[in-house]
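Residue numbers (the numbering used here), protein chains in the order written: chain C, 4 to 333; chain V, 4 to 333.
The block underneath contains the structure these notes are about, expressed in structure tokens.
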DNA sequence: ACATCATGTGGAATCGATTCCATAATGATG
DNA sequence: CATCATTATGGAATCGATTCCACATGATGT
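Below is the structure:
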């Protein structure tokens, strides 16, 4: 691999001069510049960002930790992040947390060892050891999806989104609303969305019946099972079900269809996420659009600002959302 | 940021010794090892992979160029790649080609300047300037999705998949099969899948009618429009339509539903890709499962083998596929 | 005529690791 | 007791860039 040294000797100048040409800094005669450019052209020389980063202490690489790579939300967010990073001359190194806290921490350390300039964490929990790990890092971290104390974050308005969707269901005259949630270690999805649902009901003086509230694990199959549990355990069958993600909702739809319950006539269904499926299932699924791409962009911008300002100020951005009422809720 | 120098002086040894402890190489007394480990623990020292890479000429980073980040196929493949890379101690730097050849070439150069150990290219074309760019690179490249001459690649069996699906449609007694393809710069999807379709028909002595063959651009909307064109321009309406991707097929389904044509009774529909949507649309879509994750894994393995063997042998792996006949074809 | 300044160039240190080589102490071998 | 292998350690070069500083040249100003 050809280096700056080779270019220098081939062009008959010093490495210093080559570096000046490369960076357009300092004084270089037109003659020297031309010679150097020619040699670079001939040899196909590409300067090592590696060596440059070592010297300048800036890698122009940002680490992105995803809870799972192959997921619609993650890839939309990654797309948004990439848009901003690419525009600003950064590259993105991807890390997979596989939905495990230990792995999340491990990846933080790994990215630090790579000397990335910053890290974006798509967070799925707020566990103490995670916060500690972030604290002890010497690389700036911003989070997306969970409100992590002590660092800047971009979060969705999970509480209000869930509450508004529940209110929308109530407004359609549905009173017996079931709920499919997830484990509560995921604070945003597991706790806040559930609270929004509960509060909307309570504001109307309604209490969910025993058995109407079930949990899944983000898969459509678990949504199916949760719906089944609701159906089989409830005294009065719900006339609507609100699931905290589209996948769960799609599973619920499947179950209802399997046992011959008509949607939305007998039981309406709603989810969150505006996944591609939600548009194409029958009936099309009512859901909340979170605009993940925009969220990714905002997060990247937040991180870059932080890098350039060197200030320690913590910032919190709450994303807006949009209710999409489709055929599954009438 | 604490460096190996700090550790050395704090532990009262030389950098050499610290390096030996870090890498478990050479002779180190138990005493010295303990001192060093203690200091590392206290300071939270993390060695710079950057510096290490510069010296050892091995970054343990692989570049992955995707045609588009936010796409089901790409993220499944990326997942597979990550599985292997992670297992073997590599990290993945993502690059977005935005479906443009120039951008693909630009990203190749950028990854080379980062001194990645190797590059995986999810290829969408076989243009000459791309091949030239790869040729002039001093980093090993393997391709996925297109059979690029001169480098190793993992490819899907597009021709036979398309042919078999077409034959499956014929076997159901459908004779007037429309086709929705894409531009031919994408050789795998645009040329090979179309050829499979044509050859299957020809083997049965059938010729597609004028207007039955249309093109889209990978979006569901374009599938809708293509179906419309087929319907409006054909003298005899097709009793089946084969689209080269699921998205196109979903668009076609939409159009048929919009004009009140029953699927599959009047007109059957099939796609390729086994996308998540294909399972949940109504009627569920017949499609071909390409097992993208496995393809990603094989590609990563191919690249790593190449890195370790230092041989120049070109290899070509053809992935298998599985026909999934679902409700949209009866 | 001489200080001053703009322009042009290169030597050498530096970033943070690894690794070759020299050196020293210790114990075993004949 | 000389010789030699084994164990242990550190000095210094190296990877490929940037950057500080010294120095040279020629033009300009007074």
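Backbone N, C-alpha and C define an ideal beta-carbon position, used for all residues, glycine too.
Does the distance from the CB of residue 107 (chain V) to the CB of residue 76 (chain V) come in under 9 Å? Position 104 of the second chain, counting from 1, holds the residue named residue 107 (chain V). Position 73 of the second chain, counting from 1, holds the residue named residue 76 (chain V). Result no, Cβ atoms of residue 107 (chain V) and residue 76 (chain V) do not sit closer than 9 Å.
By the 10 Å Cβ neighbour count, where 16 or more other Cβ atoms means buried, how is residue 189 (chain C) classified, buried or exposed? The residue given as residue 189 (chain C) occupies position 186 in the first chain. By the neighbour-count rule (16 or more Cβ atoms within 10 Å), residue 189 (chain C) is buried.
According to the neighbour-count rule (16 or more other Cβ atoms, all chains shown, within 10 Å of its Cβ), is residue 314 (chain C) buried or exposed? Taking the first chain and counting its residues from 1, one reaches residue 314 (chain C) at position 311. By the Cβ-count criterion, residue 314 (chain C) is exposed, with fewer than 16 other Cβ atoms from all chains shown falling within 10 Å of its own Cβ.
At least one CB of chain C closer than 9 Å to the CB of residue 89 (chain V): is that the case? By one-based count along the second chain, residue 89 (chain V) stands at place 86. Cβ-Cβ to chain C under 9 Å: yes for residue 89 (chain V).
Whose Cβ in chain V lies nearer than 9 Å to the Cβ of residue 51 (chain C)? Counting from one through the first chain, the residue named residue 51 (chain C) turns up at place 48. Under the 9 Å cutoff, chain V gives 57, 116, 117, 118.
If residue 185 (chain C) sits next to residue 218 (chain C), beta carbons under 8 Å apart, how far is it from one beta carbon to the other, in whole angstroms? For this step, residue 185 (chain C) is matched to residue 182 along the first chain. For this step, residue 218 (chain C) is matched to residue 215 along the first chain. The Cβ separation is near 6 Å, so the contact holds.
Any C-beta of chain C under 9 Å from that of residue 47 (chain V): Sequence index remark: in the second chain, residue 47 (chain V) carries index 44 (1-based). For residue 47 (chain V), the answer is yes, since a Cβ of chain C falls inside 9 Å of its Cβ.
Any chance the stretch 101-120 of chain C sits against the stretch 78-87 of chain C, with 3 or more Cβ pairs inside 8 Å? no
Which residue wins for smallest C-alpha separation from residue 35 (chain V), given the options V:51, V:11, V:50, V:52? In the second chain, counting from the first residue as 1, residue 35 (chain V) sits at position 32. Minimum Cα distance to residue 35 (chain V) is reached at V:11.
In terms of residue numbering, what span does the alpha helix (DSSP H) encompassing residue 53 (chain C) cover? Locating residue 53 (chain C) in the first chain gives position 50, counting from the first residue. Element bounds for residue 53 (chain C): 52-59.
Just the chain C side, please: which residues come within less than 9 Å of residue 78 (chain V) by C-beta, in chain order? Within the second chain, the letter at position 75 stands for residue 78 (chain V). Correct list: 72, 73, 74, 75, 77, 78, 81.
My understanding is that residue 122 (chain V) touches residue 66 (chain V), with C-beta atoms under 8 Å, so please give their C-beta distance in whole angstroms. For the purposes of this step, residue 122 (chain V) is identified with residue 119 of the second chain, where counting begins at 1. For the purposes of this step, residue 66 (chain V) is identified with residue 63 of the second chain, where counting begins at 1. Right, the Cβ-Cβ distance comes to about 4 Å (below 8 Å), so this counts as a contact.
Within-9 Å CB hit, residue 10 (chain V) to chain C: The residue given as residue 10 (chain V) occupies position 7 in the second chain. Output row for residue 10 (chain V): interface = no.
Compare the C-alpha of residue 177 (chain C) against each of C:138, C:37, C:269 and name the closest. As a working mapping, residue 177 (chain C) is identified with position 174 in the first chain. Checked all of C:138, C:37, C:269; the closest Cα to residue 177 (chain C) is C:269.
On the DSSP bridge list, what partners appear for residue 278 (chain V)? The residue labelled residue 278 (chain V) in the question sits at position 275 within the second chain. Its beta-bridge partners do not exist; DSSP assigns none.
Selection of the stretch 91-107 of chain C by Cβ proximity to chain V, strictly under 8 Å: 94, 95, 96, 97, 98, 99
Could you name the residues of chain V that residue 125 (chain C) contacts, counting a contact when the two beta carbons are closer than 7 Å? On the first chain, position 122 is the one that residue 125 (chain C) refers to. Within chain V, no residue comes near residue 125 (chain C); the closest Cβ sits about 14 Å away, beyond 7 Å.
Nearest-angstrom Cα distance between residue 288 (chain V) and residue 283 (chain C)? Here residue 288 (chain V) refers to the residue found at position 285 of the second chain. Here residue 283 (chain C) refers to the residue found at position 280 of the first chain. Roughly 11 Å separates the two Cα atoms.
Quick one, which of C:260, C:225, C:259, C:265 has its alpha-carbon nearest residue 248 (chain C)'s? Indexing the first chain from 1 puts residue 248 (chain C) at position 245. Among C:260, C:225, C:259, C:265, the Cα nearest to that of residue 248 (chain C) belongs to C:225.
The stretch 276-291 of chain C: positions lying closer than 7 Å to chain V by Cβ: Under the 7 Å Cβ criterion, the stretch 276-291 of chain C contributes 279, 280, 283, 284, 285.
Does the beta carbon of residue 17 (chain V) sit closer than 9 Å to a beta carbon anywhere in chain C? One-based indexing of the second chain puts residue 17 (chain V) at position 14. It does not; no Cβ of chain C falls within 9 Å.
Cβ closer than 8 Å: which chain C residues qualify as neighbours of residue 113 (chain V)? Indexing the second chain from 1 puts residue 113 (chain V) at position 110. Within chain C, the residues near residue 113 (chain V) are 94.
Sheet register partners of residue 159 (chain V) (DSSP bridge): Start at 1 with the first residue of the second chain, and residue 159 (chain V) comes out as number 156. Note: residue 159 (chain V) sits in a beta bridge opposite V:322.
Ordered along the chain, which non-local residues of its own chain (more than five positions away) have a Cβ less than 6 Å from that of residue 9 (chain V)? As a first step, residue 9 (chain V) is located in the second chain; it is residue number 6 there, counting from the start. Excluding residues within five positions, none has a Cβ falling inside 6 Å.
What does DSSP give as the partner residue(s) for residue 352 (chain V) in the beta ladder? Beyond the ends of chain V as shown, which are 4 and 333, falls residue 352 (chain V); an answer cannot be given.
Simplified DSSP state of residue 201 (chain C), which is helix, strand or coil: Position 198 of the first chain, counted from the first residue, corresponds to residue 201 (chain C). The answer is helix: DSSP assigns residue 201 (chain C) an H, G or I state.
Please classify residue 262 (chain C): is it buried, with 16 or more other beta-carbons within 10 angstroms of its beta-carbon, or exposed? Locating residue 262 (chain C) in the first chain gives position 259, where the first residue counts as 1. Result: exposed.
Should the stretch 296-307 of chain C be regarded as contacting the stretch 81-100 of chain C, the criterion being three or more beta carbon pairs within less than 8 Å? yes
Run through DSSP, which three-state label would residue 214 (chain V) get? The residue you call residue 214 (chain V) lines up with position 211 of the second chain. Annotated three-state conformation of residue 214 (chain V) is coil, per DSSP.
Between the Cα of residue 163 (chain V) and the Cα atoms of V:203, V:74, V:215, V:274, which residue gives the shortest distance? Position 160 of the second chain, counting from 1, holds the residue named residue 163 (chain V). For residue 163 (chain V), the nearest C-alpha among the options comes from V:203.
Whole-angstrom distance between residue 327 (chain V) and residue 160 (chain V), CA atom to CA atom: Within the second chain, residue 160 (chain V) is the residue found at index 157, counting from 1. Within the second chain, residue 327 (chain V) is the residue found at index 324, counting from 1. One C-alpha to the other measures close to 15 Å.
Inside the stretch 73-129 of chain V only - alpha helix (DSSP H) runs reaching at least 4 residues: 75-90, 104-116
State the Cα-Cα distance for the pair residue 97 (chain V) and residue 152 (chain V), rounded to the nearest angstrom. As a first step, residue 97 (chain V) must be located in the second chain, where it is residue number 94. As a first step, residue 152 (chain V) must be located in the second chain, where it is residue number 149. Their backbone Cα atoms lie some 24 Å apart in a straight line.
Comparing alpha-carbon positions, which option in C:148, C:120, C:119, C:141 lies nearest residue 129 (chain C)? Counting from one through the first chain, the residue named residue 129 (chain C) turns up at place 126. Here the closest residue by C-alpha is C:148.
For residue 253 (chain C), which residues in chain V fall below 8 Å Cβ to Cβ? Counting from one through the first chain, the residue named residue 253 (chain C) turns up at place 250. Within chain V, the residues near residue 253 (chain C) are 283.
Any residues in the stretch 131-153 of chain C with a beta carbon nearer than 7 Å to a beta carbon of chain V? Which ones, in chain order? 139, 141
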